[in-house]
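Counting along the sequence shown from 1, when you hit position 167 you're at 172 in the numbering used here, and nothing is skipped either side. All residues carry an ideal CB built from backbone N, CA and C; glycine is no exception. Here the structure is a predicted model, which is why all the values come from computation and not from measurement. What follows is a set of notes on a single structure, which appears directly below.
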Amino acid sequence: MEWLRAARRYALVMEIAQAISACAAAYAAGGEQQGPALRRASRRLGAVTRGLRAAHRHRSSVPRLSHRRKALRAHERQVVAVLRNAEWRLDSEPQQALRELGDLLLTIADRYCQARIGALLNPEQMNGVAPVPDRDALRIIAATVLGVGAAVAVPLLGLPESTEPIMKAGCIVIAFTLVWGNRIRQALDVIGILRGP
Numbered sequence: 006m007e008w009l010r011a012a013r014r015y016a017l018v019m020e021i022a023q024a025i026s027a028c029a030a031a032y033a034a035g036g037e038q039q040g041p042a043l044r045r046a047s048r049r050l051g052a053v054t055r056g057l058r059a060a061h062r063h064r065s066s067v068p069r070l071s072h073r074r075k076a077l078r079a080h081e082r083q084v085v086a087v088l089r090n091a092e093w094r095l096d097s098e099p100q101q102a103l104r105e106l107g108d109l110l111l112t113i114a115d116r117y118c119q120a121r122i123g124a125l126l127n128p129e130q131m132n133g134v135a136p137v138p139d140r141d142a143l144r145i146i147a148a149t150v151l152g153v154g155a156a157v158a159v160p161l162l163g164l165p166e167s168t169e170p171i172m173k174a175g176c177i178v179i180a181f182t183l184v185w186g187n188r189i190r191q192a193l194d195v196i197g198i199l200r201g202p
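Listed below in structure tokens is the structure:
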């Protein structure tokens, strides 16, 4: 299982490398090709921001119940906000924004590899940038309410008793998929943390 932990630990670096490659392709693209290239770069940046929100967990350098996690989560959310601010400029000044995104991503990957997850960017790069809100708890509550509500409604459908457990489990999976979308893996990571070791 050690190989799985190592793969998860460095998955963010792979996502960053793919995002840098997409930014470079968008930078080199011109004319009609730049639109789709910018969209691919944005998609890759989305994967990076999702990975950044779990950097402190996947890096495995901080104990599970440590007081340091709160500060690390705030720092990660602020780094995500800096990346999003740079990404928003793709529509107004794409060449400069792509160059800046490449620099930011290289810095983040370098510091992540050095286990400096509390200093993924310099403080001056994050001045005046508010962290993005953390809505994981709200998503879990919404998915739980939807799943339980649907599971309670299953017996009212008049189906055979033998199918009820399967239908209830399916309702819960559908509820989590509705709330989390294609980021269901992230939801499972969050639930695993809440459950504990």
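CB of residue i within 8 Å of CB of residue j, strictly
| i | j | result |
| --- | --- | --- |
| V159 | K173 | yes |
| Q101 | Y32 | no |
| L110 | V84 | no |
| V53 | A86 | no |
| H63 | L17 | yes |
| N90 | V157 | no |
| G51 | H80 | no |
Continuous alpha helix (DSSP H) stretch holding residue i: start and end
| i | result |
| --- | --- |
| I179 | 169-185 |
| I133 | Looking at the sequence shown, residue 133 is not Ile but Gly. Taken as a continuous stretch (DSSP letters only), G133 belongs to no alpha helix (DSSP H), as it is neither H nor E. |
| S26 | 16-33 |
| S66 | Where S66 is concerned, there is no enclosing alpha helix (DSSP H), given that its DSSP letter is neither H nor E. |
| G154 | 141-158 |
| Q39 | 39-57 |
| H80 | 73-93 |
Same chain, Cβ closer than 8 Å to residue i, five either side skipped, listed in chain order
| i | result |
| --- | --- |
| L162 | M172 |
| R94 | Q101, A102, E105 |
Sequence-distant residues of its chain with Cβ nearer than 7 Å to residue i (five each side left out)
| i | result |
| --- | --- |
| I198 | Summary for I198: the model assigns pLDDT 47, below 50, so the residue's position carries little reliability; its value from the coordinates is reported in the next sentence. Excluding residues within five positions, the ones whose Cβ falls inside 7 Å are R62. |
| R14 | H63, R64, S65 |
| P202 | For P202, the predicted structure reports a pLDDT of 48, less than 50, and the residue's modelled location is therefore unreliable. A value from the coordinates is still provided. So the qualifying residues of the chain are R69. |
| R116 | A124, L125 |
Nearest candidate by alpha-carbon position, reference residue i, set the options
| i | options | result |
| --- | --- | --- |
| A147 | S97, G186, C118, G51 | G186 |
| F181 | V153, E166, S167 | V153 |
| E105 | R49, A29, M19, R44 | A29 |
| G40 | E98, H72, R10 | E98 |
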